[in-house]
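Below: the structure, in structure tokens.
In the UniProt record's numbering, the protein residues as written are 1 to 153.
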């Protein structure tokens, strides 16, 4: 059974798709193989496509590859490399724009819900509270163990 995808894994997969070589067909099967080679775990198309960021990266890169010119002039390796690099950067730019729009929409939704719950901007922008990392005296833990209750999260 494959492990769950972390945010770092998703970002790695998005970068792989964004920089996909124009000589290799962009298919989910190819992506599955590339991900397995990079992350060491095999994920299905469904598991990958379920992640919005990966799906967006795939759609964006697929559209860019479809709109590339058929061939560059013969013997122009530098031109082909430059076109590949430009296409890759355009795909990454487009993916990041879509991601930014999604995050802005999420932020607006959170702001609305926070306001509806009575939170002010000052409360939301307040500093994070510190974490008390002092050693516990064990009385609460000992009491829970004696009573046979499980510790509530």
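For each residue, glycine too, the CB sits at the ideal point set by N, CA and C. Because the structure is a prediction, the values reported are computed rather than measured.
{"Check": "Taking residue 13 as the reference, give the member of 21, 63, 31 with the closest Cα.", "Outcome": "31"}
{"Check": "Would you tell me roughly how many angstroms separate the C-alpha atoms of residue 113 and residue 120, rounded to the nearest one?", "Outcome": "11 Å"}
{"Check": "Buried or exposed: where does residue 42 fall if 16 or more other Cβ atoms within 10 Å of its Cβ makes it buried?", "Outcome": "exposed"}
{"Check": "DSSP three-state label for residue 37, please.", "Outcome": "helix"}
{"Check": "Among 104, 94, 127, 9, whose alpha-carbon lies nearest the alpha-carbon of residue 18?", "Outcome": "94"}
{"Check": "Pull up the distance between the alpha-carbon of residue 57 and that of residue 91, whole angstroms please.", "Outcome": "8 Å"}
{"Check": "Alpha carbon to alpha carbon, how far is residue 20 from residue 10?", "Outcome": "15 Å"}
{"Check": "Could you compute how far the alpha carbon of residue 25 sits from the alpha carbon of residue 131?", "Outcome": "50 Å"}
{"Check": "Going by C-alpha distance, which of 38, 106, 40, 44 is nearest residue 27?", "Outcome": "44"}
{"Check": "Here's the rule: buried if 16 or more other CB atoms are within 10 angstroms of the residue's CB, otherwise exposed. What is residue 105?", "Outcome": "exposed"}
{"Check": "If you check the beta carbons only, do residue 65 and residue 22 fall under 9 Å apart?", "Outcome": "yes"}
{"Check": "How about residue 47 and residue 5: are their beta carbons less than 9 Å apart?", "Outcome": "yes"}
{"Check": "Report the option in 117, 116, 111 whose CA atom is closest to the CA atom of residue 125.", "Outcome": "111"}
{"Check": "Leaving out five residues on either side along the sequence, give the residues of the same chain with a beta carbon under 7 Å from the beta carbon of residue 55.", "Outcome": "49"}
{"Check": "Which whole-angstrom value describes the C-beta separation of residue 102 and residue 52, a residue pair presumed to lie in contact below a C-beta threshold of 8 Å?", "Outcome": "7 Å"}
{"Check": "Taking the beta carbon of residue 115 as the centre, do at least 16 other beta carbons fall within 10 Å, making it buried, or is it exposed?", "Outcome": "exposed"}
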